[in-house]
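Structure record follows, encoded as structure tokens.
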Amino acid sequence: MTYLVNENCIKCKYTDCVEVCPVDCFYEGENMLVINPEECIDCGVCEPECPVDAIISDAEDENEKWLKINTEFSDLWPNITLKKDPPADAEKYESVEDKYNKFFSKTPGR
6 MTYLVNENCI KCKYTDCVEV CPVDCFYEGE NMLVINPEEC IDCGVCEPEC PVDAIISDAE
66 DENEKWLKIN TEFSDLWPNI TLKKDPPADA EKYESVEDKY NKFFSKTPGR
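Those letters in the sequence shown? Residues 6 to 115, per the working numbering, in order.
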């Protein structure tokens, strides 16, 4: 089992999870994070740190959508190891639905 980031992260991009990850398996896109499933050691310390419940186990990913997205973009985006400030308007997007289709960006983070 591994952990994955889902669409709750999009446009919120809180990085509390990054700070506690013992294996630095988070990667940063322009408006969300992903976890490299090959690097994740399934320790689970990141899950309770996310204020928007964006971290799920792969067992919760019924159609493997998030496994595919996390796998693909962790190979393309830069690794992030330090906590950053969230976007100024993050709270505005916390309860928005269907964020993947509305806002997902393939652009790497900085």
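Note that beta-carbon positions come from the ideal geometry of N, C-alpha and C, so glycine has one too.
Straight through space, the alpha carbons of residue 47 and residue 89 are spaced by roughly 23 Å. Taking a contact as a CB-CB distance under 8 Å, the pair residue 104 and residue 15 counts as one, their CB atoms being some 4 Å apart.
Looking at the DSSP output, residue 38 shares a beta bridge with 33.
Relative to residue 80, the option among 101, 109, 59 and 38 whose CA is nearest is 38.
By the C-beta density criterion, residue 49 is exposed, having fewer than 16 other C-beta atoms within 10 angstroms. With distances taken between CA atoms, residue 83 lies nearest to 111 out of 71, 60 and 111. For residue 60, there is no enclosing alpha helix (DSSP H); the enclosing beta strand (DSSP E) covers residues 60–62. The closest CA to that of residue 100, considering only 30, 8 and 58, is found on 58. Close CB contacts of residue 27 within its chain, under the 6 Å cut and outside five residues either way in sequence, are absent.
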